[in-house]
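Only one structure is covered here, and it is reproduced in the block below.
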Amino acid sequence: MLLVLSEEYKEHLAFLPQVDPAVVFEFGRIAVEFLKRGINSKVYDGAARKLGFPITTVQHGVEGLMFLLTESSKLMITDIDFKDSVMVLGFSTELNEILLQLYVENQTTIRSTLTQLAPSLPSYHNLEWRLDVQLGSRSMRHQVVPVVTMLFNLTMGTSENRRCCLQTNPSTLLHLIAVLEAALASMKNNHARRILRNIK
Amino acid sequence: MELSESVQKGLQSAADPSLFDLRSFTVLTDVTFRSLLSAHADPGVLADPGLENIDRVLVKRCHAAAATCILEMVKQNADKSTISSCLEDLTFDAERIEIFWKSYQNSKEELEGVLTSIGSQLPHINDVSWRLQYHMKNGHVHKVNEPFYLLSLNVENSGLEGSAKDINFSCTVEQLQDLVGKMKDAAKSLEKATQM
């Protein structure tokens with residue numbers, strides 16, 4: 000699958016062939032840093048001054064590279080497809096190789112960064128449990144009631160952790176185990192296996 | 000077993016043959032036990048024909064005293080000797096003690112259940128439902144291709160809210176295996192505890 004690059008985008012990257020390949024490599028490294036840590040506009044100032052280009056050109060260049068890397072990582076395109084997409088920009092082979100190398104090295108990190116942007120449900124993190132016996136309460140002495148207390152650690156995306164403290168009795172615990180084992184077994188039946196195999 | 004003054008006075012009145020003859024005492028005992036066990040408060044519970052001829056206020060006072068006394072006995076898990084000595088101190092004769100003890104034995108287990116269920120607890124899990132889904136892509140990343148589970152714990156919140164809430168969360172296959180493994184550990188330790 001090829002990337003579709005607009006005319007405006009090609010304009011933004013038009014100044015890249017005019018600089019040294021080493022500089023392009025440096026820009027690529029800056030783009031990856033920005034993807035990981037956020038944009039730092041002071042870097043644009045320094046680079047623009049050193050190279051003698053206006054700041055907007057440098058900014059467009061770096062952002063263009065960022066877009067190229069994120070789109071390629073999102074779609075997980077193969078090396079050949081990447082090379083074909085980049086060829087549209089009309090760069091030299093050396094430049095194409097640099098861009099490809101940049102893509103291949105950073106693909107997994109960029110994908111994991113992008114995954115954090117995706118909407119997420121509260122997800123299970125950890126379970127702690129303990130077994131108690133209730134011996135009495137205000138309204139009734141002389142009790143012997145076993146109780147299993149469980150603490151669920153759930154994460155909401157990358158931010159807050161939610162802790163749910165819940166109780167259950169032994170028979171319900173056994174029922175829960177049976178139901179969840181059936182859930183795990185449903186992954187192994189033919190239907191699920193066929194789908195997992197064929198949707199890639 | 001300690002009972003307050005008003006309870007003691009009420010019980011002494013119930014024991015008094017001039018106020019309650021044997022038949023009305025039996026009816027009073029039955030009515031009291033029944034009212035403690037019924038699910039809804041019935042305002043007509045004391046309108047039993049066996050208690051017709053007795054002063055209404057007196058019947059009410061004795062009923063309240065008897066109910067308090069019964070609940071206290073169930074709470075402390077009193078045995079026959081404790082109950083007998085307590086009632087003897089309150090001028091009950093042997094026949095009335097016997098009537099009381101028989102009704103007490105019949106209703107004791109149910110009353111214990113009622114008292115045990117009163118009180119606050121942590122939210123209680125009743126059931127779990129699950130759904131297996133396959134995550135293909137989202138707006139930020141394509142080709143995710145990972146199966147995942149959505150679990151929903153049906154939780155009963157006993158206490159002020161009294162409503163059933165659900166705790167929903169997602170987990171991957173490995174996380175679900177981890178969860179089930181830990182629950183099985185809990186079940187195993189439960190089994191070992193019962194064999195001790």
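Residue numbers (numbering that gives the first Met the number 0), protein chains in the order written: chain A, 0 to 199; chain B, 0 to 195. Idealized CB from N, CA, C, for every residue including glycine.
Within the 9 Å Cβ cut-off, does residue 137 of chain B reach chain A?
Answer yes: the Cβ-Cβ gap between residue 137 of chain B and chain A drops below 9 Å somewhere.
May I ask which residues mark the beginning and end of the beta strand (DSSP E) holding residue 123 of chain B?
123 to 134
Just mark residue 9 of chain B as buried or exposed, buried being the case when its beta carbon has 16 or more other beta carbons within 10 Å.
buried
Identify which residue in B:169, B:129, B:153 and B:116 has its Cα closest to the Cα of residue 143 of chain A.
B:116
What is the DSSP secondary structure of residue 62 of chain B, counted as helix, strand or coil?
helix
Residue 73 of chain B and residue 97 of chain B: beta carbons closer than 9 Å?
Between residue 73 of chain B and residue 97 of chain B, the C-beta spacing is not below 9 Å.
If the cut-off is 7 Å on Cβ atoms, which residues from the segment 170 to 193 of chain B count as contacting chain A, listed in chain order?
Against chain A - using a Cβ distance shorter than 7 Å - the residues of the segment 170 to 193 of chain B are 170, 172, 174, 175, 176, 178, 179, 181, 182, 183, 185, 186, 188, 189 and 192.
Beta-carbon neighbours of residue 190 of chain A, restricted to chain B and to distances below 9 Å
Ordered by position in chain B, no residue passes the 9 Å Cβ test against residue 190 of chain A, which lies about 10 Å from the chain.
Spatial neighbours of residue 103 of chain B in its chain, beta-carbon cut-off 6 Å, leaving aside the 5 residues before and after
There are no such residues.
Spatial neighbours of residue 98 of chain A within its chain, please: CB distance less than 6 Å, with the 5 preceding and 5 following residues excluded, ordered by chain position.
85
Name the chain B residues that come within less than 8 Å of residue 3 of chain A, Cβ to Cβ?
Within chain B, no residue comes near residue 3 of chain A; the closest Cβ sits about 14 Å away, beyond 8 Å.
How should residue 164 of chain A be labelled, buried or exposed, when 16 other C-beta atoms within 10 angstroms of its C-beta is the threshold for buried?
exposed
Endpoints, beta strand (DSSP E) assigned at residue 147 of chain B
Where residue 147 of chain B is concerned, the enclosing beta strand (DSSP E) stretches over 145 to 155.
On the criterion of 16 or more Cβ atoms from any shown chain inside 10 Å, does residue 118 of chain A qualify as buried, or is it exposed?
Residue 118 of chain A comes out exposed.
Run through chain A and tell me which residues come within less than 9 Å of residue 129 of chain B, C-beta to C-beta.
178, 179, 181, 182 and 185
Establish whether the CB of residue 86 of chain A and some CB of chain B are separated by less than 9 Å.
no
Terminal residues of the beta strand (DSSP E) in which residue 160 of chain A lies:
160 to 167
Residue 21 of chain B versus residue 95 of chain B - alpha carbon distance
For residue 21 of chain B and residue 95 of chain B, the distance between alpha carbons rounds to 8 Å.
Under the three-state DSSP convention, the category residue 142 of chain B falls into
coil
Give the straight-line distance between the Cα atoms of residue 75 of chain A and residue 67 of chain A, rounded to the nearest whole angstrom.
12 Å
Let me see if you follow: with CB-CB separation under 9 Å, is residue 67 of chain B close to chain A or not?
no
From residue 59 of chain B to residue 45 of chain B, what distance separates their C-alpha atoms?
8 Å
Could you give the distance in angstroms between the alpha-carbon of residue 40 of chain A and the alpha-carbon of residue 18 of chain A?
20 Å
Pairing CB atoms from the segment 22 to 29 of chain B with CB atoms from the segment 39 to 57 of chain B, are three or more of them under 8 Å?
yes
Report the three-state DSSP secondary structure of residue 196 of chain A (helix, strand or coil).
Annotated three-state conformation of residue 196 of chain A is helix, per DSSP.
Residue 121 of chain A, enclosing beta strand (DSSP E) - first and last residue
121 to 133
Grab me the residues of residue 32 of chain B's own chain with a C-beta within less than 6 Å of its C-beta, minus the 5 sequence neighbours each way, in chain order.
Once the five neighbours on either side are set aside, the close Cβ partners of residue 32 of chain B are 102 and 106.
Bounding residues of the alpha helix (DSSP H) (the contiguous stretch that carries residue 149 of chain A)
If you look at residue 149 of chain A, you'll find it isn't in any alpha helix (DSSP H); it sits in the beta strand (DSSP E) that goes 144 to 155.
Between the segment 0 to 17 of chain B and the segment 82 to 96 of chain B, can you find at least three pairs of beta-carbon atoms closer than 8 Å?
yes
Which full runs of the alpha helix (DSSP H) of 4+ residues lie inside the segment 73 to 127 of chain B, going along the chain?
79 to 88 and 93 to 116
Which residues mark the beginning and the end of the alpha helix (DSSP H) in which residue 14 of chain B is found?
Counted as a single uninterrupted DSSP element, the alpha helix (DSSP H) harbouring residue 14 of chain B occupies residues 4 to 14.
Could you tell me whether any Cβ in chain A is nearer than 9 Å to the Cβ of residue 32 of chain B?
Judged by the 9 Å Cβ criterion, residue 32 of chain B is not in contact with chain A.
is_contact[residue 75 of chain B, chain A] using C-beta, thresh 9 Å
yes
Are the CB atoms of residue 126 of chain B and residue 152 of chain B nearer to each other than 9 Å?
Cβ atoms of residue 126 of chain B and residue 152 of chain B: closer than 9 Å.
Listing by chain order, which chain A residues have their CB less than 8 Å from the CB of residue 108 of chain B?
Chain A residues near residue 108 of chain B: none, gap ~12 Å exceeds 8 Å.
Below 8 Å on the Cβ atoms is my guess for residue 188 of chain B versus residue 126 of chain A; work out the distance and round it to an integer in Å.
Not confirmed; about 14 Å, so no contact.
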